[in-house]
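So the sequence shown is numbered by our numbering: it starts at 234 and just counts up by one. Down below is the structure, laid out as structure tokens.
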Amino acid sequence: MAISKRSVAFGAALFACMPIAYSEAADVRSTGLASWYQLPGRTACGQRHNPDAMTAAHRNLPCGTRLRVTNLSNGRSAVVTVVDRGPFVRGRIVDVSRGVARQIGLIQRGVGRVQIARM
234 MAISKRSVAF GAALFACMPI AYSEAADVRS TGLASWYQLP GRTACGQRHN
284 PDAMTAAHRN LPCGTRLRVT NLSNGRSAVV TVVDRGPFVR GRIVDVSRGV
334 ARQIGLIQRG VGRVQIARM
């Protein structure tokens, strides 16, 4: 079975649009639970974990992605950079560093309902 030039062109155009579709989908806001974490060593993105930095862990957004994380119970927010993978607890959409948790008011409870938006 021969592959036509038309099929190859269509496939190439479809493949070229995939990153655009992904980045547009990532701009949509997500709402769910966040928790804070503190681990020794390096993050999945290769950085040394700094518990006071404005950083977060997300399951699939690329390293370096910037997000606004807003605590829905008090309206406080922080701009964070994705530097790690997680959370690995069902129902949670993001893990944030201790510094972020302090800024948005999650330190005491440890878990809270947030909205995340890609910057």
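Glycine included, C-beta positions come from ideal geometry on N, C-alpha and C.
Per the C-alpha coordinates, the member of N307, T314 and V312 positioned closest to R346 is N307. Excluding its 5 nearest sequence neighbours in each direction, L272 has C-beta neighbours in its own chain below 6 Å: H282, listed in chain order.
Beta-bridge analysis with DSSP links A311 to V302. Put simply, of N304, S268, I337 and M352 the residue whose alpha carbon is nearest the alpha carbon of A290 is S268.
One Cα belongs to R275, the other to R318, and the distance between them is close to 11 Å.
Our two residues, R335 and C296, have alpha carbons roughly 22 Å apart in a direct line. Bounds of the beta strand (DSSP E) holding A289 are T288 to A290. T303 and G265 have their C-alpha atoms roughly 11 Å apart.
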